[in-house]
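Working notes, beginning with the structure itself.
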Amino acid sequence: MWSSNVQLGSELSISSIGVTTLAREFGTPAFILDEEDFRNRALSWNEALFSAFGNNAGTVYYAAKAFICVEVARWIKDLGIGIDVCTAGELAVALKAGIDPAKIEVHGNNKSVFEIEKAVSNNVGTIVVDSLFEIVRVAEAAKKFEKVQRILLRLTPGIEAHTHESIATAHEDVKFGFSIASGAAWRAIEEVRKHPNLELRGFHAHIGSQILETDAFAISAQRLIALLGQYRDAFSVELPELDLGGGYGVEYLPQDVALTPEKVMQELLQAVTINCSAHNLAIPKISIEPGRSIVGPTMFTIYEVGTIKDVTLENGANRRYISVDGGMSDNLRPALYGAQYTAVLANRTSSAEKISSRVVGKHCETGDIVIKEIDLESDIAPGDLLATPTTGAYGRSMATNYNHVPRPPVIAVKNGNARIILRRETEEDLLGLDI
Numbered sequence: 298m299w300s301s302n303v304q305l306g307s308e309l310s311i312s313s314i315g316v317t318t319l320a321r322e323f324g325t326p327a328f329i330l331d332e333e334d335f336r337n338r339a340l341s342w343n344e345a346l347f348s349a350f351g352n353n354a355g356t357v358y359y360a361a362k363a364f365i366c367v368e369v370a371r372w373i374k375d376l377g378i379g380i381d382v383c384t385a386g387e388l389a390v391a392l393k394a395g396i397d398p399a400k401i402e403v404h405g406n407n408k409s410v411f412e413i414e415k416a417v418s419n420n421v422g423t424i425v426v427d428s429l430f431e432i433v434r435v436a437e438a439a440k441k442f443e444k445v446q447r448i449l450l451r452l453t454p455g456i457e458a459h460t461h462e463s464i465a466t467a468h469e470d471v472k473f474g475f476s477i478a479s480g481a482a483w484r485a486i487e488e489v490r491k492h493p494n495l496e497l498r499g500f501h502a503h504i505g506s507q508i509l510e511t512d513a514f515a516i517s518a519q520r521l522i523a524l525l526g527q528y529r530d531a532f533s534v535e536l537p538e539l540d541l542g543g544g545y546g547v548e549y550l551p552q553d554v555a556l557t558p559e560k561v562m563q564e565l566l567q568a569v570t571i572n573c574s575a576h577n578l579a580i581p582k583i584s585i586e587p588g589r590s591i592v593g594p595t596m597f598t599i600y601e602v603g604t605i606k607d608v609t610l611e612n613g614a615n616r617r618y619i620s621v622d623g624g625m626s627d628n629l630r631p632a633l634y635g636a637q638y639t640a641v642l643a644n645r646t647s648s649a650e651k652i653s654s655r656v657v658g659k660h661c662e663t664g665d666i667v668i669k670e671i672d673l674e675s676d677i678a679p680g681d682l683l684a685t686p687t688t689g690a691y692g693r694s695m696a697t698n699y700n701h702v703p704r705p706p707v708i709a710v711k712n713g714n715a716r717i718i719l720r721r722e723t724e725e726d727l728l729g730l731d732i
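Per the working numbering: the sequence shown = residues 298 to 732.
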């Protein structure tokens, strides 16, 4: 739940730097990123993929949507893994950091002509195609730049993954991909084969996010490999690649148990081996896309408590509202789809009784809730610091300027040193777009 260099003692610290020091130097709210932990988590997924699949290991693509900035993209370049991007903005960050375009995979269900041409002209390794319109657009862009563009088809394998509806992406009634069951996937295959400027390398599927079980991944692999077999039977050639996506969950709450890279890869290896054997196929290159499971646990958020308010409920019970200086502008997930977090009193220890509390933000919305129900020390007061773990994925990435609040900075910590890698926005930034 906390990154490996966080110490929970008389004061929460990371790499021997206390949160009071961090708050004093960088202000609050602030995202604190454990650089060493990030690198180690990325490498663990890469090592697990190659340990399981050997020569059949493809690429670990870090999912930029979880969180990206130029400095983090530089780490990805240093680590030698790939990155998947889904907008021209994310692609710009990857290119700015110097990531090899061959290691860039481009996603998105509605890529504009501009975005497609930017990807093709910059020689990205793979474009994951999501609609019949995109097949034509990518083919036209490839022809324009006199290239043969490698693509994967994003498929919908018809799986109800065990996660929230808003982040389940592989059942039939979603905006993503081509349905296997309805025949849309096969129609897409036939359309791709009409375009000499496209090279179909294989299939892709992403079944959802924050998944803590492996069964859905195995079913997805089974259905994609069955289609690989159908393709071989129809065209007498085997497609060489399979991207099985990501969505591996992380530990937001004490009772959560995250999947380890080793367990996920061994389960995928078993599923791929069994199903390729059943269809008499060679094992293709297997790629994955862990994003949340790399960056999520590497970051926590520091808030300063602003006000305390006790509320008597209709049943006579009491609840304490603890307002902090952030909220839904830096962590939209609780309001968006009921995501749950925990928090600790970070700047000191307390032996006071713990009472029912609700941690809320400063925005003008009743739904601006960081943590709906948590027992926290009864002596928490204005000026105290709260720390919320596992905010690396989608916290800063989804951050907004609601109520014209500047977005928080990201502070990277390594070997006892803290530095800004994404600065705090200012009021001048907020006014800078006004004409």
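Note that the Cβ used here is the ideal one computed from N, Cα and C, for glycine as well.
Practice prompt. Report yes if the CB atom of residue 390 is closer than 7 angstroms to the CB atom of residue 360, and no otherwise.
Written response: For residue 390 and residue 360, no; Cβs fall outside 7 angstroms.
Worksheet item: Looking at residue 343 and the ligand MN, is the gap between the Cβ and the nearest heavy atom below 6 angstroms?
Response: You won't find the ligand MN in this model; it holds no ligand whatsoever.
Practice prompt. Quick one: residues in its chain with C-beta nearer than 6 angstroms to the C-beta of residue 695, no 5 flanking neighbours on either side, listed in chain order?
Written response: Counting only Cβ-Cβ distances below 6 angstroms, and skipping sequence neighbours, we find 629.
Discussion item. Residues in the same chain with beta-carbon distance under 6 angstroms from residue 566, minus the five sequence neighbours each way, listed in chain order, please.
Written reply: Counting only Cβ-Cβ distances below 6 angstroms, and skipping sequence neighbours, we find 349.
Worksheet item: Do residue 325 and residue 601 have their C-beta atoms closer together than 7 angstroms?
Response: Going by C-beta atoms, residue 325 is nearer than 7 angstroms to residue 601.
Item to complete: For residue 402, count neighbouring C-beta atoms within 10 Å of its own C-beta (all shown protein chains included) and say buried if the count is 16 or more, exposed if not.
Response: That one is buried.
Discussion item. Assuming residue 386 is part of the beta strand (DSSP E), what are its boundary residues?
Written reply: It is not in any beta strand (DSSP E) - residue 386 instead sits in the alpha helix (DSSP H) that spans 385-393.
Fill in: Proximity below 7 angstroms, CB of residue 593 to CB of residue 689
Going by C-beta atoms, residue 593 is nearer than 7 angstroms to residue 689.
Practice prompt. Measure from the alpha carbon of residue 366 to the alpha carbon of each residue in 525, 731, 715, 708, then state which is nearest.
Written response: Comparing alpha-carbon positions, the option among 525, 731, 715, 708 lying closest to residue 366 turns out to be 708.
Worksheet entry | Beta-carbon contacts of residue 548 that lie in its chain and below 6 angstroms, excluding the five residues immediately before and after | Apart from sequence neighbours up to five positions away, the residues of its chain that approach residue 548 with a beta-carbon distance below 6 angstroms are 298, 555, ordered along the chain.
Worksheet item: In chain order, what residues of the same chain lie with their CB nearer than 7 angstroms to the CB of residue 722, ignoring the 5 residues before and after it?
Response: For residue 722, same chain residues with a beta-carbon under 7 angstroms away, outside a window of 5 residues either side, are 703, 704 in chain order.
Worksheet item: Quick one, are the C-beta atoms of residue 447 and residue 410 less than 7 angstroms apart?
Response: Cβ distance not < 7 angstroms, so residue 447 and residue 410 don't count as in contact.
Worksheet item: Thinking C-alpha only, which one of 442, 321, 599 is nearest residue 417?
Response: When each option's Cα is compared against that of residue 417, the closest is 442.
Item to complete: Consult DSSP for residue 369 and reduce its assignment to one of helix, strand or coil.
Response: DSSP places residue 369 in helix when its eight states are reduced to three.
Worksheet item: Can you name the residues that DSSP bridges to residue 686?
Response: According to DSSP, which records beta bridges pairwise, residue 686 is partnered with 597.
Worksheet entry | Coil, strand or helix - residue 552 by DSSP | Residue 552: coil per DSSP, three-state reduction.
Worksheet entry | Neighbourhood of residue 462 by C-beta, 7 angstroms cutoff - its chain only, sequence neighbours within 5 removed | Since pLDDT at residue 462 reaches only 43, below the 50 mark, its modelled position is unreliable, and no value is offered.
Practice prompt. Taking residue 540 and residue 449 to be in contact with their CB atoms under 8 angstroms, please state how far apart those CB atoms are, rounded to whole angstroms.
Written response: That pair is a contact at about 6 angstroms.
Worksheet item: How is residue 634 classed by DSSP in three states: helix, strand or coil?
Response: In this structure, residue 634 counts as helix in the three-state DSSP scheme.
Discussion item. Let me make sure I understand the geometry here. Which of 315, 454, 375, 481 has the alpha-carbon closest to that of residue 521?
Written reply: Of 315, 454, 375, 481, the residue nearest in Cα terms is 454.
Practice prompt. Compute the Euclidean distance between the alpha carbons of residue 327 and residue 622, then round it to the nearest angstrom.
Written response: CA-CA distance, residue 327 to residue 622, rounds to 10 angstroms.
Fill in: Expected contact under 8 angstroms - CB spacing of residue 339 and residue 347 to nearest Å
With 8 angstroms as the limit, residue 339 and residue 347 do not qualify as a contact, their Cβ atoms being about 13 angstroms apart.
Discussion item. Quick test of the definition: if touching needs 3 or more C-beta pairs under 8 angstroms, does the stretch 643-661 touch the stretch 671-680?
Written reply: Short answer: they touch.
Discussion item. Does residue 303 pass the burial test, meaning 16 or more other C-beta atoms within 10 Å, or should it be called exposed?
Written reply: Counting the other CB atoms within 10 Å of its CB gives residue 303 a total of 16 or more, which places it among the buried residues.
Worksheet item: Using the rule of at least 16 other Cβ atoms within 10 Å of the residue's Cβ for burial, across every protein chain shown, is residue 423 buried or exposed?
Response: Residue burial annotation: residue 423 is buried, with at least 16 other C-beta atoms found within 10 angstroms of its C-beta.
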